[in-house]
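Going by this note's numbering, the sequence shown opens with residue 1, and the numbers climb by one from there. Each residue gets a CB set at the ideal place from its N, CA and C atoms; glycine is no exception. This structure is a prediction, so every number in the text was calculated from the model and none was measured. Let me begin by presenting the structure, written as structure tokens, before commenting on it.
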Amino acid sequence: MVITVRNVSRYADTNAQGDMLFRAMLDALRVRESITVDFAGVQNATSSFVNSSFVRLLDHYSFSVIQRRLRIIGVNRQIANMIRSRMQFEAAA
């Protein structure tokens, strides 16, 4: 299953937009073994968005499970690095 960020939240700027993506990912992970999140057309993301979407998944799944079941495509280096570093930091806390 592919979840396209632009279709879910349009942008990747606010906590509310992150919450929309979080809910879509959580719903999909409850019924699918793996999901893909597509950032096509999204040029930047805020830490608020990443915290409200990806980091919140750690309340439901371990970091290793998320790594195994979630694939991110169409993402630029800045967004990919932010997601990775925030997830690693929070998983280690």
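1) What residues match up with Leu70 in a beta bridge as DSSP calls it?
2) If contacts are defined as beta-carbon pairs under 8 Å, then Arg86 and Asn51 qualify, I think. What distance do you get, rounded to the angstrom?
3) Label Gly18 either buried or exposed according to how many other C-beta atoms from any shown protein chain fall within 10 Å of its C-beta, with 16 as the threshold for buried.
4) How is Val2 classed by DSSP in three states: helix, strand or coil?
5) Should Met82 and Ser47 be called a contact, given that it needs their Cβ atoms to be closer than 8 Å?
6) State the Cα-Cα distance for the pair Arg71 and Phe22, rounded to the nearest angstrom.
7) Can you find the residues in the same chain that come closer than 6 Å, C-beta to C-beta, to Met1, ignoring five residues on each side of it along the sequence?
8) Could you compute how far the alpha carbon of His60 sits from the alpha carbon of Tyr11?
9) Where does Asn76 fall in DSSP's three states?
So, from the listed chains and residues:
1) Ile35
2) Yes, they are in contact, since the Cβ atoms of Arg86 and Asn51 sit about 6 Å apart, within 8 Å.
3) buried
4) Val2: strand per DSSP, three-state reduction.
5) yes
6) Near 14 Å, if we compare the C-alpha coordinates of Phe22 and Arg71.
7) Ala28, Arg32, Ile35
8) 24 Å
9) coil
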